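A.B. asks:
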Amino acid sequence: MQDQPSAIELIEVVGEFIRNHAMPQLKGHTAFHALVAANALDIVRRELEIGPKAGDEELRRLKSLLGKDGPIEALNRELCAKIESDEMTLETPGLREHLWETTLTKLAIDQPKYSGYRRALEEKA
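Counting in my numbering, the sequence shown runs from -9 upward without gaps.
(1) Could you give the DSSP three-state label for L49: helix, strand or coil?
(2) Grab me the residues of T82's own chain with a C-beta within less than 8 Å of its C-beta, minus the 5 sequence neighbours each way, in chain order.
(3) Between the beta-carbon of M78 and the beta-carbon of L85, is there less than 8 Å?
(4) Tell me which residues share the same chain as A47 and place their Cβ nearer than 6 Å to its Cβ, disregarding the 5 neighbours each side in the sequence.
(5) Taking only three categories from DSSP, how would you classify Y104?
(6) Thinking just about the alpha-carbon of each residue, which of E91, A27 and A12 is nearest to the one in G41?
(7) With respect to the alpha helix (DSSP H) encompassing E68, which residues constitute its N-terminal and C-terminal limits?
(8) Nearest to A(-3) by CA position, among R108, K43, R67 and E39, is which residue?
(9) By Cβ distance below 7 Å, which residues in the same chain neighbour E2 in space, the five residues on each side in sequence not counted?
(10) With burial defined as no fewer than 16 other Cβ atoms inside 10 Å of the residue's Cβ, what is the status of R51: buried or exposed?
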């Protein structure tokens, strides 16, 4: 049986093809749209690489903060409602850390070259 490339490998190869072979031959709006497509593939690749573990960690933090179990979407809605009603504030143990880790994870997926994200990682190390 032949091994098939993983979804991550396929996405990576298509993104490289767009950047290295297709884009140099394109002009104007078409080149811009090709770059947008390549960048979107990069986000999908990072989501596949980082997302599952990050989701598990976020769910664990939410369960700890709220003291209950449930789907991540429902727990996030409950957390938002508690923050909005001032039932939970940044002084609530664990909330500040949860929000910070969640933000850093989203940046790792969406904008890993963002200077503020890079600086936060350096300060964290």
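All C-beta atoms in this analysis are idealised placements derived from N, C-alpha and C, irrespective of residue type, glycine included. The structure displayed is predicted, hence computed values, not measured ones.
C.D. replies: Short version:
(1) In the sequence shown, the residue the question calls residue 49 occupies position 59. Three-state result, L49: helix.
(2) Counting from 1 along the sequence shown, the entry for residue 82 is found at position 92. So the qualifying residues of the chain are L55.
(3) Along the sequence shown, read from residue 1 onward, the residue named residue 78 stands at position 88. Along the sequence shown, read from residue 1 onward, the residue named residue 85 stands at position 95. Pairing M78 with L85 gives a Cβ-Cβ distance under 8 Å.
(4) Within the sequence shown, residue 47 is the residue found at index 57, counting from 1. The sequence given here places Glu at residue 47; Ala does not occur at that position. There are no such residues.
(5) By one-based count along the sequence shown, residue 104 stands at place 114. Note: Y104 maps to coil in three-state DSSP.
(6) In the sequence shown, the residue the question calls residue 41 occupies position 51. Scanning E91, A27 and A12 for the CA closest to the CA of G41 turns up E91.
(7) Taking the first residue of the sequence shown as 1, we reach residue 68 at position 78. First-last of the alpha helix (DSSP H) with E68: I62 to E74.
(8) Along the sequence shown, one-based indexing puts residue -3 at 7. Answer by Cα proximity: E39.
(9) Position 12 of the sequence shown, counted from the first residue, corresponds to residue 2. If we look at E2 and ignore the five residues flanking it on each side, its Cβ neighbours are R35.
(10) Taking the first residue of the sequence shown as position 1, residue 51 is located at position 61. So R51 counts as buried.
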